[in-house]
Amino acid sequence: MLGLMVLFGSAARAESPVILVLGDSLSAGYGIPVEKGWVSLLQRRLVERGFPYRVVNASISGDTTSGGLSRLPAALELHRPAIVVLELGANDGLRGQPPMAMSRNLSQMIERSQQAGARVLLAEMRIPPNYGPLYAQKFQATFGELAQHYAIPLIPFLLDGVAGNPALIQDDGLHPRAEAQPQILDNVWAVLEPTLKS
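Residues 1 to 198 in full-length UniProt numbering are what the sequence shown spells out, letter by letter.
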């Protein structure tokens with residue numbers, strides 16, 4: 001099952017290269033109008049700055065790297081993306097999954113995306129310190145290690161400038177508010193834009 005695929009842009013732009021965002025609630029826009037989420041804002045920025053890409057949001061709230069791995073082949077086949085943005089792992093951490101298992105899943109997603117001809121960007125995730133410093137450190141390090149191993153761009157902590165700011169986080173203490181989405185987009189854009197230009 002592909003889950004909810006949100007496509008931006010008109011049918012006339014169907015030939016445009018695709019940026020596939022495979023993520024969880026942080027990219028699905030949990031708790032906010034979908035048009036205010038960073039993925040929707042990304043499509044607008046691409047248009048404003050003259051990049052002829054079409055964004056497909058294949059993010060599902062609550063998804064894990066295991067879920068993403070199971071959904072990825074069909075998404076690659078359907079959309080044939082030029083770029084894949086992987087934003088998964090937070091739910092693995094919140095569930096206390098072993099970082100090695102998360103790493104294996106992300107590795108397979110990177111490899112399958114590359115085999116399909118896509119360039120891959122990996123978003124770094126972090127977890128709250130109450131999970132223990134050793135686990136939190138191993139969890140965070142996984143993303144940098146994978147980016148280095150596969151020589152792919154790493155988006156430093158997706159929620160940089162957002163996490164820890166109560167004004168930007170919903171009452172559940174986890175999910176960003178609509179007001180936080182432009183900052184998240186800026187975090188992604190700093191790494192995505194050079195990829196678009198290369």
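All residues carry an ideal CB built from backbone N, CA and C; glycine is no exception.
Problem set entry | Cβ neighbour criterion (16 or more within 10 Å) applied to V34 | Around the beta carbon of V34, a 10 Å sphere encloses fewer than 16 other beta carbons of the protein chains shown; the residue is thus reported as exposed.
**Message:** Checking 8 Å against the spacing of the C-beta atoms, do L185 and I152 come in under that value?
**Reply:** Contact: no.
For M102, I'd like the list of residues in its chain whose CB is within less than 7 Å of its CB, leaving aside the five on either flank, ordered along the chain. Result list for M102: T65, G89, D92, T142, in chain order.
Can you grab the Cα-Cα spacing for the pair A116 / L158, in whole Å? Roughly 25 Å between the two C-alpha positions.
For the ligand COA, is there a heavy atom less than 7 Å away from the beta-carbon of E145? For the ligand COA, the structure offers nothing, since it holds no ligand at all.
Just to confirm the assignment: which complete beta strand (DSSP E) runs, minimum length 3, are found wholly within the stretch 93 to 125?
Fully enclosed beta strand (DSSP E) runs of 3 or longer: 119 to 123.
**Message:** If I measure Cβ to Cβ from L22 and keep anything under 6 Å in the same chain, skipping five residues before and after, which residues do I get?
**Reply:** Result list for L22: A58, G68, L86, in chain order.
Terminal residues of the beta strand (DSSP E) in which N57 lies:
Note, N57: beta strand (DSSP E), 54 to 57.
**OP:** Measure how close the beta-carbons of I83 and I155 come, nearest whole angstrom, since I'm counting them as under 8 Å.
**Re:** So it is not a contact: roughly 12 Å between Cβ atoms.
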